[in-house]
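Offset between the sequence shown (1-based) and the numbering used here: plus 403. Cβ atoms here follow ideal geometry from the backbone N, Cα and C, with glycine treated the same way. Quick notes on the structure that follows.
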Amino acid sequence: WTIIPDSILLHIFNFSSAKDVLNAGLTCKRWNMISLDEILWKRLFFRKFCITPGLPIAPGKYSWYEEYKRLCYHTPRVCSEVLHGHRHEVLHVSFSHDGTMFATSSKDGFIMVWDSDYPVKIKYSYDMKEFSWKCTQFSQFNKSDTLLLVSGVHFGSHSSTSGEIAVFSLQGGFQLQCRVGNKPYDIFGTWYSDRHLLSGDLSWLAHLVSTTGLWINKASQETSSEHTPILNQLFRFYNTNASSVRTVMVAECVNESNQNISNPSSSDYHISEKQLYKDRAGEDDIQQNGDSDNEDDDLTGQPEKLLIFTTGSKTYTPHQIGFKKIKGVKFPKILQPGPSLKERIAKHRERQMVASIPLPGIWQNYNSSDKFDEADHLLDLHGHIIGMGLSPDHRYLYVNSRHWPEDYVITNPLEPPPIAQEIDIHVIDLVNFCEVGKQLRSHKAYTPNHLCFFIFLDVSEEYVASGAEDKHGYIWDRYYGICLGKLPHNDVVNSVAFNPIDQGMLVSTSDDYEIKVWRSISFVDRAIGPTERRKLPYALYNLKKK
């Protein structure tokens with residue numbers, strides 16, 4: 404073995420497993436040098452992970468050996484902890500920006516905040532049924548990780564869409580800061596800035612026609628004066644065919660070669676009064692002040708942002724993604740007293756008289772939509788959208804969707820086409836607003852349209868993960884497009900989230916009432932040693948090319 408030619412030894416290594424190659428490299432210095440040959444590890448990498456032939460190494464990577472090591476030892480594949488804090492289905496999980504905490508939402512009505520250090524421990528817990536919440540469904544930390552936005556569903560009939568947003572302080576205890584109405588509840592809500600959040604409302608104008616208002620709210624209740632406003636309307640959209648705005652997100656605008664992300668005709672945002680709608684709906688109590696001196700300190704100097712939301716036009720299920728630029732938000736500091744009670748009563752009677760005059764079809768006519776704000780871009784995915792997630796740099800939007808048949812025809816907006824069992828992950832470039840890259844498809848869903856629910860996904864620097872209805876979570880490599888593993892549960896996996904500071908840690912939540920914490924082999928070996936690590940459950944390999 405000391406005189407065997409390098410070429411023959413390298414040829415033998417090509418037929419060996421990675422483990423055998425590494426063990427052989429311990430024989431002597433020459434064998435060790437040959438065992439680390441980059442061409443050899445490229446072949447081992449392609450064979451192990453079923454990579455498309457000819458695909459170059461990922462941008463910023465220079466060693467196939469290190470890439471092999473990353474996918475095997477630094478991907479979250481070991482179930483290090485199973486948490487049983489909730490007493491019902493766990494619907495959502497989100498991480499703080501500094502990676503030290505994560506929050507879980509559940510049908511038991513509790514919001515729970517956990518310390519993410521090993522081993523995970525409960526930090527805060529609050530029963531939102533105290534406020535007549537049916538369940539908590541979503542949470543999001545603000546940028547400074549000092550506040551937690553919690554979104555939930557109110558008790559009511561099965562068809563009720565009423566929800567609410569609550570904000571809790573994460574400093575000096577878990578103290579409630581404010582509560583904000585939110586309708587429909589699957590708008591969820593999101594942070595606009597560190598101390599301002601977005602919520603929604605829904606009003607029906609006619610049969611199958613409605614309007615959605617998006618509001619910017621202060622994250623703390625104003626108590627110093629009744630003349631200090633705490634919310635202001637940001638946009639108001641026109642909805643047709645029983646559709647509505649849902650799943651709002653805010654991204655930082657990304658420019659490439661000074662490219663403007665919006666339409667050239669898109670004007671800067673300004674607070675405008677939609678007088679026709681407001682006169683009919685009675686929303687004239689808040690007098691808006693357009694003076695730029697009235698901006699709140701937290702809003703001053705905010706960079707251009709991009710509003711992202713799901714909507715529809717052909718049917719009530721969300722099949723389109725809307726994008727609208729937000730720039731120069733105004734928030735008045737003083738609320739004008741407005742008219743006297745006598746004047747209000749007189750105006751109310753006047754509106755009643757106007758409303759009694761029949762206006763056939765005014766809201767069904769799409770020309771009425773010019774009284775409302777419009778999306779800068781709309782992207783139709785031709786399927787039921789069930790989840791969205793931003794890449795850490797806000798350049799790409801990843802979307803879970805269950806596609807419709809290719810030859811679908813919609814004749815009744817209340818009867819959308821059947822949806823596929825496969826969940827596709829679409830990747831959208833937020834500079835060009837077009838689909839890019841590969842479609843990922845491994846995970847499954849089985850519920851029909853009227854029972855379809857959210858399957859949340861998350862994106863890290865190098866991985867994307869999603870829940871599924873087939874009792875597994877899934878992890879893919881973003882660049883190579885391969886499924887790296889399946890994370891087993893005993894029921895539907897509703898949500899997954901990466902630790903934003905350490906992508907080797909992932910949390911999954913399920914209808915089996917469990918929260919599972921997945922960590923990399925590298926981390927677990929440092930924490931408890933290889934011997935104890937081998938006793939823990941692992942993700943299942945699913946290395947089919949996708």
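Extent of the continuous alpha helix (DSSP H) to which residue i belongs
i, result
"residue 443", "441-452"
"residue 467", "467-476"
"residue 436", "432-438"
"residue 933", "933-936"
"residue 810", "That residue, residue 810, is in no alpha helix (DSSP H); it is neither H nor E in DSSP."
Enclosing beta strand (DSSP E) for residue i [first to last residue]
i, result
"residue 414", "That residue, residue 414, is in no beta strand (DSSP E); its alpha helix (DSSP H) goes 409-416."
"residue 899", "896-901"
"residue 424", "Taken as a continuous stretch (DSSP letters only), residue 424 belongs to no beta strand (DSSP E), being part of the alpha helix (DSSP H) at 421-427."
"residue 540", "536-544"
"residue 580", "579-585"
"residue 706", "Per DSSP, residue 706 belongs to no beta strand (DSSP E) and is neither H nor E."
"residue 649", "649-655"
"residue 827", "827-832"
"residue 609", "599-609"
"residue 612", "612-621"
"residue 792", "786-793"
"residue 406", "Per DSSP, residue 406 belongs to no beta strand (DSSP E) and is neither H nor E."
"residue 922", "918-923"
"residue 642", "634-642"
"residue 724", "723-729"
"residue 568", "566-572"
"residue 527", "524-530"
"residue 557", "550-557"
"residue 783", "780-783"
8 Å Cβ cutoff met for residue i and residue j
i, j, result
"residue 908", "residue 479", "yes"
"residue 784", "residue 812", "no"
"residue 427", "residue 451", "no"
"residue 551", "residue 542", "yes"
"residue 895", "residue 876", "no"
"residue 483", "residue 505", "no"
"residue 826", "residue 847", "yes"
"residue 719", "residue 816", "yes"
"residue 971", "residue 493", "With the chain represented from 404 up to 949, any question about residue 971 goes unanswered, as that position is not in the structure."
"residue 804", "residue 787", "yes"
"residue 434", "residue 412", "yes"
"residue 778", "residue 725", "yes"
"residue 861", "residue 893", "no"
"residue 523", "residue 920", "yes"
"residue 386", "residue 844", "Limits of the chain in this structure are 404 at one end and 949 at the other, which puts residue 386 out of reach."
"residue 567", "residue 534", "yes"
"residue 608", "residue 638", "no"
"residue 824", "residue 863", "no"
"residue 481", "residue 849", "no"
"residue 486", "residue 753", "no"
"residue 878", "residue 870", "no"
"residue 891", "residue 943", "yes"
"residue 595", "residue 619", "yes"
"residue 581", "residue 613", "no"
Contact belief for residue i with residue j at Cβ below 8 Å, rounded distance in angstroms
i, j, result
"residue 735", "residue 649", "With a Cβ gap of about 28 Å, residue 735 and residue 649 do not count as contacting."
"residue 477", "residue 794", "Actually they do not touch by this definition, with Cβ atoms about 19 Å apart."
"residue 443", "residue 417", "7 Å"
"residue 592", "residue 602", "5 Å"
"residue 555", "residue 536", "4 Å"
"residue 651", "residue 590", "6 Å"
"residue 642", "residue 717", "At roughly 12 Å, the Cβ-Cβ gap does not stay under 8 Å, so residue 642 and residue 717 are not in contact."
"residue 867", "residue 904", "Contact doesn't hold; Cβ gap of about 17 Å is too wide."
"residue 799", "residue 833", "7 Å"
"residue 466", "residue 489", "So it is not a contact: roughly 42 Å between Cβ atoms."
Any C-beta of chain C under 8 Å from that of residue i
i, result
"residue 514", "Absence of chain C from the displayed structure is noted, only one protein chain being present."
Contact the stretch 489-506 vs the stretch 883-900: 3+ CB pairs below 8 Å = yes
Fully enclosed by the stretch 475-512, which beta strand (DSSP E) runs are 3 residues long or longer?
-> Here the runs fully enclosed are 479-486, 493-498, 504-509.
Touch test, the stretch 644-658 against the stretch 709-728, Cβ-Cβ under 8 Å, three pairs minimum | yes
Quick one: complete beta strand (DSSP E) runs, 3+ long, within the stretch 843-914?
-> 860-862, 866-869, 875-880, 886-891, 896-901, 908-913
Do the stretch 878-892 and the stretch 509-527 make contact, defined as three or more Cβ pairs closer than 8 Å?
-> no
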